[in-house]
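If you read the protein sequences in the order shown, they are chains F and P.
Anchor point for the first sequence: position 82 equals 82 in my numbering, and the numbering is continuous, going up by one each time.
Count along the second sequence starting at 1, add 193, and that's the number in my numbering.
Every residue, glycine too, gets a C-beta built ideally from N, C-alpha and C.
For clarity, every value in this text was computed on a predicted model and none was experimentally measured.
2 protein chains.
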Amino acid sequence: MAEKPYHHGDLRAALLAAAESELAEKGVEGFSLRSVAKRAGVSHAAPAHHFGDVKGLLTALSAEGFRRFQATLDASEEGALDARDRAIRAGEGYLTFALARPTLFRLIFSSKKPDFGDADLMAAGDTAYCHLVWLVEELGGSTADVAALWAMSHGIADLAAGQRLRMMENLTEAERKAMVRELIARVLPGARG
Amino acid sequence: MAEKPYHHGDLRAALLAAAESELAEKGVEGFSLRSVAKRAGVSHAAPAHHFGDVKGLLTALSAEGFRRFQATLDASEEGALDARDRAIRAGEGYLTFALARPTLFRLIFSSKKPDFGDADLMAAGDTAYCHLVWLVEELGGSTADVAALWAMSHGIADLAAGQRLRMMENLTEAERKAMVRELIARVLPGARG
DNA sequence: CGCATAATCCTGACAGTGTAAAGATATGAG
DNA sequence: CTCATATCTTTACACTGTCAGGATTATGCG
């Protein structure tokens with residue numbers, strides 16, 4: 001085994017991992033393709049063959065980001081008592097993801113660099129959206145209720161990712177969870193009837 | 194009067210206007226300082242004397258953005274019937290601003306490029322935040338109610354700025370307004386008591 | 001196995017970016 | 001009028017993304 005084989009073996013996956021680190025450290029606005037290549041130990045032009053250009057790489061990373069986003073929601077919904085509790089837990093998961101991976105969150109929700117017309121990315125995004133719709137349907141909700149749950153969950157998460165909700169940063173984990181649960185509960189269909 | 198006097202006269206204001214156009218067309222991620230200078234008809238290094246670097250220019254633009262944001266809310270709240278109606282109209286103004294100036298909205302709420310420790314920018318941001326707190330206080334609300342109104346308003350606006358709420362894009366102006374009013378009303382203190 | 005073909009990765013080059021230094025020009029105070 | 005200062009330009013450098021062409025390895029076909 002040579003120390004540095006000419007062919008990497010699984011450069012595509014290595015580049016995606018390197019891109020994730022780069023994104024986490026520099027953010028979308030400081031993201032550099034050459035820096036990603038350096039992280040993976042290859043030349044600056046190596047990523048081109050696998051992803052085309054930087055947009056292609058960020059598109060693939062976004063698709064993976066959406067899948068992780070959905071996985072975080074699924075994990076958060078685990079053990080839900082009923083449909084109502086499940087929707088609330090989904091909102092908690094939304095915030096959990098935004099706090100754990102703020103730059104990835106911004107990439108998939110606030111950036112224009114990924115190609116959102118890409119088939120794989122669209123599929124990943126649609127999966128998450130359909131899950132949201134399903135959550136509300138289980139509650140007997142309407143279109144407006146979907147918007148309500150999504151907007152509230154997204155608002156909390158996006159403000160938290162930008163560290164704008166300073167009132168929440170001084171709270172303990174338990175207090176924060178309780179507050180989020182209460183906020184989400186306000187917008188669910190049939191709330192406080 | 195020379196056709197091109199060496200000294201611009203009011204280059205600082207001209208650069209801010211050029212930067213706003215640049216931001217509107219290219220977005221935060223495509224924003225170029227040299228392009229801004231070209232728009233203003235000066236050399237690429239001219240902005241440095243007035244704003245230091247690109248971060249300084251975007252910081253000044255953000256402060257102006259926050260003032261316009263607040264102005265949009267003020268205009269939207271004009272003629273409110275009571276404190277409750279005023280809070281709802283504020284939410285409408287939030288969305289109005291995000292739709293009218295999506296890139297400026299993203300600059301002040303989702304970008305890391307401006308220096309949010311800058312005194313002028315902080316003052317502009319605090320003004321908007323204090324106004325929000327005041328709105329809720331008039332309703333006899335608590336800290337959680339502030340978070341509720343902010344998160345819901347911001348969630349709707351941010352999703353709309355990113356064109357994620359496709360269900361709302363097919364609505365008429367009136368229908369959209371009615372929907373926003375209903376969503377905001379859900380989170381206000383004493384809702385549906 | 002032997003070899004042509006394709007896939008993979010590297011090197012070098014180019015235009016564009018932000019920033020700093022140094023020079024040119026106008027302004028204004030004394 | 002003189003000259004210090006503010007303003008703007010020119011020049012230069014390192015960095016970025018992308019493209020063209022060359023080097024190397026893997027793969028499939030005979």
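Residues that R294 (chain P) contacts on chain F, provided the C-beta gap is smaller than 8 Å
For the purposes of this step, residue 294 (chain P) is taken as residue 101 along the second sequence, with counting starting at 1. Those within 8 Å of R294 (chain P) in chain F number zero; the least Cβ separation is about 15 Å.
Which chain P residues are close to G27 (chain F), counting only those with a beta carbon under 8 Å from its beta carbon?
The residue you call residue 27 (chain F) lines up with position 27 of the first sequence. Within 8 Å Cβ-Cβ: K305.
Please confirm whether E222 (chain P) and K113 (chain F) have their CB atoms less than 9 Å apart.
Here residue 222 (chain P) refers to the residue found at position 29 when the second sequence is read from its first residue. Here residue 113 (chain F) refers to the residue found at position 113 when the first sequence is read from its first residue. K113 (chain F) sits close to E222 (chain P), with the two beta carbons spaced by under 9 Å.
With a CB to CB cut of under 7 Å and the five nearest residues on each side skipped, what residues in its chain are close to G141 (chain F)?
For the purposes of this step, residue 141 (chain F) is identified with residue 141 of the first sequence, where counting begins at 1. Counting only Cβ-Cβ distances below 7 Å, and skipping sequence neighbours, we find P189.
What residue range does the alpha helix (DSSP H) around S111 (chain F) cover?
Locating residue 111 (chain F) in the first sequence gives position 111, counting from the first residue. Careful: S111 (chain F) lies outside any alpha helix (DSSP H) and carries neither H nor E.
Taking 9 Å as the threshold (C-beta atoms), are R86 (chain F) and L149 (chain F) in contact?
As a first step, residue 149 (chain F) must be located in the first sequence, where it is residue number 149. As a first step, residue 86 (chain F) must be located in the first sequence, where it is residue number 86. Against a cut-off of 9 Å, the Cβ pair of R86 (chain F) and L149 (chain F) comes out as no contact.
Mapping DSSP to helix, strand and coil, what is L332 (chain P)?
By 1-based counting over the second sequence, the position of residue 332 (chain P) is 139. Three-state DSSP puts L332 (chain P) in coil, outside helix and strand.
Close beta carbons around L16 (chain F), own chain, < 7 Å, minus the five adjacent residues each side
Taking the first residue of the first sequence as position 1, residue 16 (chain F) is located at position 16. Result list for L16 (chain F): A60, L61 and E64, in chain order.
Three-state secondary structure (DSSP) of E175 (chain F):
Position 175 of the first sequence, counted from the start, is the residue given in the question as residue 175 (chain F). Here E175 (chain F) sits in helix by DSSP.
Is it buried or exposed, M179 (chain F), if we count other Cβ atoms within 10 angstroms and call 16 or more buried?
Reading the first sequence from its first residue, position 179 is the one you call residue 179 (chain F). Buried is the call here.
Does the beta carbon of M194 (chain P) sit closer than 9 Å to a beta carbon anywhere in chain F?
Taking the second sequence and counting its residues from 1, the one referred to as residue 194 (chain P) is at position 1. Low local confidence applies: a pLDDT of 37 at M194 (chain P) is under 50, so the model's placement there is unreliable, and no value is given.
Starting from L292 (chain P), trace the alpha helix (DSSP H) both ways and give me its first and last residue.
The sequence position of residue 292 (chain P) within the second sequence is 99, counting from 1. That run of the alpha helix (DSSP H) goes A276 to A293.
Please classify S236 (chain P) as buried or exposed, where buried requires at least 16 neighbouring CB atoms within 10 angstroms.
Sequence index remark: in the second sequence, residue 236 (chain P) carries index 43 (1-based). By the 16-neighbour rule on beta-carbons within 10 angstroms, S236 (chain P) is exposed.
Just checking: is the beta-carbon of V339 (chain P) within a distance shorter than 9 Å of some beta-carbon in chain F?
Translated into positions along the second sequence, residue 339 (chain P) becomes position 146. Yes, V339 (chain P) counts as interfacial toward chain F.
How many Å lie between A195 (chain P) and D246 (chain P) at the Cα?
The count along the second sequence starts at 1 and reaches residue 195 (chain P) at position 2. The count along the second sequence starts at 1 and reaches residue 246 (chain P) at position 53. The predicted model places A195 (chain P) with a pLDDT of 36, which falls under 50 and marks its position as unreliable, so this point remains unresolved.
With DSSP as the reference, label D267 (chain P) as helix, strand or coil.
Your numbering for residue 267 (chain P) matches position 74 in the second sequence. Looking at D267 (chain P) - three-state DSSP - the assignment turns out to be helix.
Taking R186 (chain F) as the query, report the chain P residues whose CB atoms sit under 8 Å from its CB, ordered along the chain.
By 1-based counting over the first sequence, the position of residue 186 (chain F) is 186. Contacts between R186 (chain F) and chain P, judged by CB atoms closer than 8 Å, involve A341, R379, V380 and A384 in chain order.
Reduced DSSP category for F224 (chain P) - H, G, I as helix; E, B as strand; rest coil:
Position 31 of the second sequence holds residue 224 (chain P). In this structure, F224 (chain P) counts as coil in the three-state DSSP scheme.
How many Å lie between M361 (chain P) and L352 (chain P) at the Cα?
Position 168 of the second sequence, counting from 1, holds the residue named residue 361 (chain P). Position 159 of the second sequence, counting from 1, holds the residue named residue 352 (chain P). Their backbone Cα atoms lie some 10 Å apart in a straight line.
What three-state label does DSSP hand P47 (chain F) in the structure shown?
Your numbering for residue 47 (chain F) matches position 47 in the first sequence. Of the three classes helix, strand and coil, the one that applies to P47 (chain F) here is helix, per DSSP.
Quick one: Cα of G195 (chain F) to Cα of L266 (chain P), how far?
No answer is possible for residue 195 (chain F): it lies beyond the span of chain F, which begins at 1 and ends at 193.
T296 (chain P): buried (16+ other C-beta within 10 angstroms of its C-beta) or exposed?
In the second sequence, counting from the first residue as 1, residue 296 (chain P) sits at position 103. T296 (chain P) is buried by the Cβ-count criterion.
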